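J.: If you scroll down you'll find the structure; I have some questions about it.
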Amino acid sequence: MRTKAFITLITLFFTYATTFAADNPKVKKIVLDAGHGGDKPGAIGHFSKEKDIALAVTLKVGELIKKNLSERQVIYTRTTDVDVHWVERHEIANRAKADLFVSIHVNSTPGSRTKVRSGYRTIKKNGKSVKVPRYVYKYDKTTEANGVETYVLGLSRNSQKEESIGEYSDNLTGGEKEGLMDEKDPMTAIIIAQYSQAFLTSSVDLGSRIQGNFAKQGRLDRGVKQISVEVLAGCVMPGVLVEIGFINNVEEEKYMNSPQGQTEIAHAIYNGILEYIRAIER
Ligand SMILES: [Zn+2]
Numbered sequence: 000m001r002t003k004a005f006i007t008l009i010t011l012f013f014t015y016a017t018t019f020a021a022d023n024p025k026v027k028k029i030v031l032d033a034g035h036g037g038d039k040p041g042a043i044g045h046f047s048k049e050k051d052i053a054l055a056v057t058l059k060v061g062e063l064i065k066k067n068l069s070e071r072q073v074i075y076t077r078t079t080d081v082d083v084h085w086v087e088r089h090e091i092a093n094r095a096k097a098d099l100f101v102s103i104h105v106n107s108t109p110g111s112r113t114k115v116r117s118g119y120r121t122i123k124k125n126g127k128s129v130k131v132p133r134y135v136y137k138y139d140k141t142t143e144a145n146g147v148e149t150y151v152l153g154l155s156r157n158s159q160k161e162e163s164i165g166e167y168s169d170n171l172t173g174g175e176k177e178g179l180m181d182e183k184d185p186m187t188a189i190i191i192a193q194y195s196q197a198f199l200t201s202s203v204d205l206g207s208r209i210q211g212n213f214a215k216q217g218r219l220d221r222g223v224k225q226i227s228v229e230v231l232a233g234c235v236m237p238g239v240l241v242e243i244g245f246i247n248n249v250e251e252e253k254y255m256n257s258p259q260g261q262t263e264i265a266h267a268i269y270n271g272i273l274e275y276i277r278a279i280e281r
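For the sequence shown, counting from 1, position 103 maps to 102 in numbering that gives the first Met the number 0; every step adds exactly one.
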């Protein structure tokens, strides 16, 4: 009997919680930010650009929210191929008094440079002609790196959070370097400390849930990491920056450009947002 009463109580609680969530949602407005755009392509793969993949996936996440969470409002920072400055991106979110900021990007690595012999050349040594090998550098942008990582705002070397948050943004490349904060500037530490106090826990929670959903799909979970990037620092709300895969990995580039891949990626991000909302509105 006791168990039955307990179950009834739990059921009632959840019914109440669900009703409450729908009537008075804590997350009313969600900003979806497609990285780069216009003359800022971001990372470039063998046949595609980060800005286009990011936009396609962002719009799909927006459609899922509009369809399934119709009481929430979706705000895009861009819906077309235009460049929006990072200041404007977080201003859009702040003006709207948004509750969540989700920025969608595509990862890349610097690639590798190998010295290869391309023939011989003749040089003069002690008055004699000597044949020596000729080398050229061959650049290969292809990487074996793969998987998904999510960034939250933090100093890239903040040992205090090391345990809970994991690795750092050591291997940041290409498009993401633009908009990084100057970590030597004392103001940066102050801004990040203030932001962290208010939003770090929520941001890490959201990031972990998004990562968890990618992992469920069989993608490699590279974890939640810290980055001192302006687009997040300017936001007055929890936010994450999701790197959905590596554009210079042949397989992942194909996957991220395929309709099925984009749909799966959008679902992982959407499900992460949904879990986060359910947890805080419980
Ligand atoms: Zn990017």
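Ideal placement from N, C-alpha and C gives every residue a C-beta, glycine not left out.
Keep in mind it's a predicted model, so treat the numbers as computed, not measured.
#1: Given the structure, does A97 come close to ligand 2, in the sense that its CB is under 7 Å from one of the ligand's heavy atoms?
#2: Using the Cα positions of G110 and T142, report the straight-line distance between them to the nearest angstrom.
#3: Excluding the 5 residues flanking Y134 on each side, which residues of the same chain have their C-beta closer than 7 Å to its C-beta?
#4: Let me check you understand the geometry: is the CB of E49 closer than 7 Å to at least one non-hydrogen atom of ligand 1?
#5: Where DSSP assigns a beta bridge to V235, which residues make up the other side?
#6: Count the C-beta pairs between the region 77-88 and the region 215-222 that are closer than 8 Å, then say yes if the count reaches three, no if not.
#7: Tell me whether G41, by its Cβ, gets closer than 7 Å to a heavy atom of ligand 1.
#8: Applying the criterion that 16 or more other CB atoms from any shown protein chain within 10 Å of the CB defines a buried residue, is Y254 buried or exposed?
#9: Where do the ends of the beta strand (DSSP E) carrying V115 lie?
#10: Pop quiz: I29 and R71 are said to be a contact at Cβ under 8 Å. What is the actual Cβ separation, rounded to whole angstroms?
#11: Taking C-beta to C-beta, are K59 and T262 nearer than 8 Å?
#12: Using a threshold of 8 Å, state whether the C-beta atoms of N212 and N145 are closer than that.
#13: DSSP beta-bridge partners for A33?
#14: Is it right to say K127 is buried, meaning 16 or more other beta carbons lie within 10 angstroms of its own, or is it exposed?
#15: Considering just the uninterrupted stretch of the beta strand (DSSP E) at G222, what are its terminal residues?
#16: In whole angstroms, what separates the C-alpha of E182 from that of L154?
#17: Compute the minimum distance between the beta carbon of G44 and the heavy atoms of ligand 1, and state whether it is under 7 Å.
#18: Assuming the contact rule is C-beta atoms closer than 8 Å, V101 and L31 should be a hit. Round their C-beta distance to whole Å, please.
#19: Can you tell which of K140, K130, W85 and H35 has the C-alpha that lies nearest to the C-alpha of F245?
T.: Let's see:
#1: This structure lacks ligand 2; the ligands present are ligand 1.
#2: 6 Å
#3: K114, V115, R116 and S117
#4: yes
#5: Paired residue(s): none; V235 is not in a bridge.
#6: no
#7: yes
#8: buried
#9: S111 to K124
#10: 6 Å
#11: yes
#12: no
#13: I103
#14: exposed
#15: D220 to I226
#16: 7 Å
#17: no
#18: 6 Å
#19: K140
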